[in-house]
Each structure stands twice: as structure tokens, then as C-alpha cells.
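Numbering (the UniProt record's numbering), first residue to last: 1 to 73.
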């Protein structure tokens with residue numbers, strides 16, 4: 001039960017992380033006025049996501065979800 005409570009406490013943090021991450025990605029996208037290669041933009045976006053302070057927590061949450069779904073089979 002405490003695990004579920006912890007998991008319930010985490011999604012609001014994740015929602016905040018998504019909201020924080022999206023504006024920064026949006027803010028960085030219009031800055032360059034020259035056309036950017038989509039692959040270059042994708043790599044820049046990936047780096048921004050991986051550098052986010054809450055990314056390790058998101059990784060942990062996904063791992064726990066994976067374990068939970070694999071264990072139920």
C-alpha cells in the first residue's frame with residue numbers, strides 16, 4: 001500500500017516535470033532563425049531531456065512500471 005502511495009505522490013511531480021520541460025523546449029526551438037536539420041533538433045531535444053534534474057526520477061518510475069507489468073503476467 002505504501003508503494004502505491006509513493007507512486008501516487010510521484011505523478012504530480014512528473015506532470016510538473018513535463019510542464020517545465022515543454023516550455024523550455026518550446027523556448028529553445030524558436031531561438032534559431034535559420035532552418036535547423038531535424039536530426040540536429042532531435043539531438044538537442046534529447047540532450048535537454050536527459051539533462052533535466054528530474055530525469056533520473058522519471059527513469060526510476062518507468063523501471064518500476066515495467067517491473068510491475070512484467071510481474072503480473
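A virtual CB, placed ideally from N, CA and C, is assigned to each residue, including glycine.
Alpha carbon of residue i to alpha carbon of residue j, nearest angstrom
| i | j | result |
| --- | --- | --- |
| residue 44 | residue 36 | 11 Å |
| residue 34 | residue 41 | 12 Å |
| residue 70 | residue 62 | 12 Å |
| residue 50 | residue 66 | 20 Å |
| residue 39 | residue 55 | 22 Å |
| residue 60 | residue 48 | 18 Å |
Residue i in three-state terms, based on DSSP
| i | result |
| --- | --- |
| residue 60 | helix |
| residue 45 | helix |
| residue 34 | coil |
Sequence-distant residues of the same chain with beta carbon closer than 7 Å to residue i, five excluded per side
| i | result |
| --- | --- |
| residue 68 | none |
Own chain residues within Cβ distance below 8 Å of residue i, not counting five before or after
| i | result |
| --- | --- |
| residue 46 | none |
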